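K.L.:
The structure's right below; bear with me while I get my questions together.
Chains as they are written, first to last, in full-length UniProt numbering: chain A, 1 to 325; chain B, 1 to 262.
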């Protein structure tokens, strides 16, 4: 993004410890107005703590941060008037109906009655909740609850929105719906800081991505820049038996084999041309392949390469490449 | 918006939220009203004959109904306070509290909403309990002014104990703790002049009974409703309530602000 644009969030050297445990060990952030910024990292990396500090929920032990120029500790109310937060755990009132939850927000945002009703009607429509508006939130599904949660955040038309793992626990359809909503918000000029442990989510949504690991930012850039940090993609060939794997391994010497899984990993850019020549080679050598998958480098690879260690979720991927070392 | 009008507006929004909770889930309210009514019936119809005889040569069950009602009214207030501690503790486990903390609102409004809601709930409970007491033989001889004063005393003690229970709800790390912490309060009317005159008690107990805060409150109510002597009890009751209210308000406020990661 260009430096001439307005910085919405600026944080310098944020630190936080709980007892002996250092949760944030000096975080710097610069997030431009109207962009989506993704904070990626495994559980316990400090994502939620960062959001809690930036949303004035907890104080940092050191460093400082500003939202549109307002200092978090000196002008918390000015900051609070600009932000909206949708946390990891749903921040809805389960004893009230969806509409009552939204009315509560409209009242707390001091909207006048008519403007509040109008805004609530629009949000219920936009989030596909009109039908369920009169039902208690305790009867809502996970996806509906998350949509209501975000709708409540939007009642006051915040200029900066913090989304802490907005799609964790959602089914694929609800996740896509949430992505759609987030993109639409950014298109309207809202600045969004989201945390996620799904690298695909950051890839899909974010203008810029930062990797958080053990309380430090270990890399930051656009998804494209980050993917450029690591070597190219590969094709994984799956064989039915050891014999097939052996003959294929003789044909492609640059490949990495995994005897346990009966797979061979062949470096490739994943393009149609190189795939065709790969299949031709297999044909000529009369090797039958049981399955084939193409891997372009994704943010998972970047994360694993940068941290040098798998987080638990990605251990399968690591196992796949283990023989290469 | 000025701080005061912001405080009033946000507190009344939170009050509406709490009243909505109570209206939608009335079982808690009924449970809280049930406890004092059961104790009232137990003491009038089971123990009332014997305890009434202890009040004096002309004492009987109907005279005991008069004697015990002020104590039962305090049991009602305490029972409702226990409900407040539970609902505050439950509320603090909800994610919506974190949302409130990140909004530009009058910060203590979450607490004032609970306090005002409990005040309304307790006053309604007191009306129900007084009606039952009238049915079982409570015969107050108060005039309109004395009734107003009695209602004022009840509101004052409710306000004080509600702030105490809000603080107890905040200091509890679980809903179970919040339910247990206010439990000893329900014993205070017994360890005071609520059920029998304190001069029938052994010295150490009587000393505690005479000087604990509930006794002057009960004696004041008794004086206003039944025409017994009040003496200095009125002033002492007001001072106790003011001290408890201010102390617990400050305690609750500090707890709410400290406990920011909840």
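Glycine included, C-beta positions come from ideal geometry on N, C-alpha and C. Computed from a predicted model, the values in this text were never measured in an experiment.
Helix, strand or coil for residue 80 (chain B) per DSSP?
P.N.:
Reduced to three states, the DSSP call for residue 80 (chain B) is helix.
K.L.:
Using 8 angstroms as the threshold, is the C-beta distance between residue 32 (chain B) and residue 62 (chain B) below it?
P.N.:
Cβ atoms of residue 32 (chain B) and residue 62 (chain B): not closer than 8 angstroms.
K.L.:
Using a Cβ-based criterion (distance less than 7 angstroms to any ligand heavy atom), does residue 83 (chain A) qualify as near the ligand FMN?
P.N.:
The ligand FMN is not part of this structure, which contains no ligands at all.
K.L.:
Can you tell me the Cα-Cα spacing of residue 317 (chain A) and residue 307 (chain A), whole angstroms?
P.N.:
Since pLDDT at residue 317 (chain A) reaches only 38, below the 50 mark, its modelled position is unreliable, and no value is offered.
K.L.:
Within 8 angstroms (strictly less), CB to CB, does residue 92 (chain A) reach chain B?
P.N.:
yes
K.L.:
Using a threshold of 8 angstroms, state whether the C-beta atoms of residue 223 (chain A) and residue 202 (chain A) are closer than that.
P.N.:
It is a contact, given that the beta carbons lie within the stated cut-off.
K.L.:
Looking only at DSSP bridge pairs, what is residue 6 (chain A) linked to?
P.N.:
Per the DSSP secondary-structure output, residue 6 (chain A) pairs with nothing in a beta bridge.
K.L.:
By the 10 Å Cβ neighbour count, where 16 or more other Cβ atoms means buried, how is residue 158 (chain A) classified, buried or exposed?
P.N.:
buried
K.L.:
Excluding the 5 residues preceding and the 5 following residue 179 (chain A) in the sequence, name in chain order all residues of the same chain whose CB lies nearer than 7 angstroms to its CB.
P.N.:
204 and 205
K.L.:
Are the beta-carbon atoms of residue 266 (chain A) and residue 302 (chain A) separated by less than 8 angstroms?
P.N.:
With respect to the 8 angstroms criterion, residue 266 (chain A) and residue 302 (chain A) are not classified as neighbours on the basis of their beta carbons.
K.L.:
Compare the C-alpha of residue 119 (chain B) against each of B:129, B:150, B:141 and B:163 and name the closest.
P.N.:
B:163
K.L.:
Please report how far the alpha carbon of residue 10 (chain B) lies from the alpha carbon of residue 107 (chain A), in whole angstroms.
P.N.:
Straight-line Cα distance between these residues: approximately 8 angstroms.
K.L.:
Give the range of the beta strand (DSSP E) segment to which residue 186 (chain A) is assigned.
P.N.:
From DSSP, residue 186 (chain A) is part of no beta strand (DSSP E) but of the alpha helix (DSSP H) over 172 to 187.
K.L.:
What is the residue span of the beta strand (DSSP E) that residue 210 (chain A) lies within?
P.N.:
208 to 213
K.L.:
Thinking C-beta only, is residue 167 (chain B) closer than 8 angstroms to residue 248 (chain B)?
P.N.:
Against a cut-off of 8 angstroms, the Cβ pair of residue 167 (chain B) and residue 248 (chain B) comes out as a contact.
K.L.:
What is the rounded straight-line gap between the Cα of residue 197 (chain B) and the Cα of residue 128 (chain B)?
P.N.:
Annotation: residue 197 (chain B) to residue 128 (chain B) spans about 26 angstroms, alpha carbon to alpha carbon.
K.L.:
Residue 218 (chain B) lies in the alpha helix (DSSP H); which residues open and close that run?
P.N.:
214 to 226
K.L.:
Using the beta-carbon of each residue, which ones in chain B are nearer than 7 angstroms to residue 83 (chain A)?
P.N.:
102
K.L.:
Am I right that residue 154 (chain B) and residue 77 (chain B) are in contact with their C-beta atoms under 8 angstroms? What's the rounded C-beta distance?
P.N.:
7 angstroms
K.L.:
Only counting the same chain, and skipping five residues up and downstream in sequence, which positions put a Cβ closer than 6 angstroms to that of residue 100 (chain B)?
P.N.:
110
K.L.:
Which two residues bound the contiguous beta strand (DSSP E) that contains residue 182 (chain B)?
P.N.:
First-last for residue 182 (chain B): undefined, no H or E at that position.
K.L.:
Compute the beta-carbon to beta-carbon distance between residue 151 (chain A) and residue 123 (chain A), rounded to the nearest angstrom, for a pair I have assumed lies under 8 angstroms.
P.N.:
4 angstroms
K.L.:
Below 7 angstroms on C-beta distance, what does residue 10 (chain B) contact in chain A?
P.N.:
108
K.L.:
Mind checking residue 160 (chain A): buried by the 16 CB within 10 Å criterion, or exposed?
P.N.:
buried
K.L.:
Pull up the distance between the alpha-carbon of residue 243 (chain A) and that of residue 200 (chain A), whole angstroms please.
P.N.:
36 angstroms
K.L.:
Report, in whole angstroms, the separation of the C-beta atoms of residue 38 (chain A) and residue 275 (chain A), which I expect to be a contact under 8 angstroms.
P.N.:
With a Cβ gap of about 31 angstroms, residue 38 (chain A) and residue 275 (chain A) do not count as contacting.
K.L.:
Count the C-beta pairs between the segment 64 to 77 of chain B and the segment 31 to 48 of chain B that are closer than 8 angstroms, then say yes if the count reaches three, no if not.
P.N.:
yes
K.L.:
Check whether the Cβ atoms of residue 290 (chain A) and residue 251 (chain A) lie closer than 8 angstroms to each other.
P.N.:
no
K.L.:
Considering only their Cβ atoms, is the gap separating residue 137 (chain A) from residue 98 (chain A) smaller than 8 angstroms?
P.N.:
yes
K.L.:
Tell me whether residue 36 (chain B) sits in a helix, a strand or coil according to DSSP, three-state version.
P.N.:
helix
K.L.:
Under 8 angstroms between the Cβ atoms of residue 33 (chain A) and residue 153 (chain A)?
P.N.:
no
K.L.:
Can you tell which of B:202, B:258, B:174 and B:28 has the C-alpha that lies nearest to the C-alpha of residue 94 (chain B)?
P.N.:
B:174
K.L.:
Under a CB-based cut-off of 8 angstroms, is residue 95 (chain B) close to chain A?
P.N.:
yes
K.L.:
For residue 118 (chain A), does the count of other Cβ atoms within 10 angstroms reach 16, so buried, or fall short, so exposed?
P.N.:
Counting C-beta atoms within 10 angstroms of its own C-beta, residue 118 (chain A) has fewer than 16 neighbours from the protein chains shown and is therefore classed as exposed.
K.L.:
What are the complete beta strand (DSSP E) segments, minimum 3 residues, inside the segment 218 to 292 of chain A?
P.N.:
234 to 238, 256 to 258 and 263 to 267
K.L.:
In three-state DSSP terms, what is residue 30 (chain A)?
P.N.:
strand
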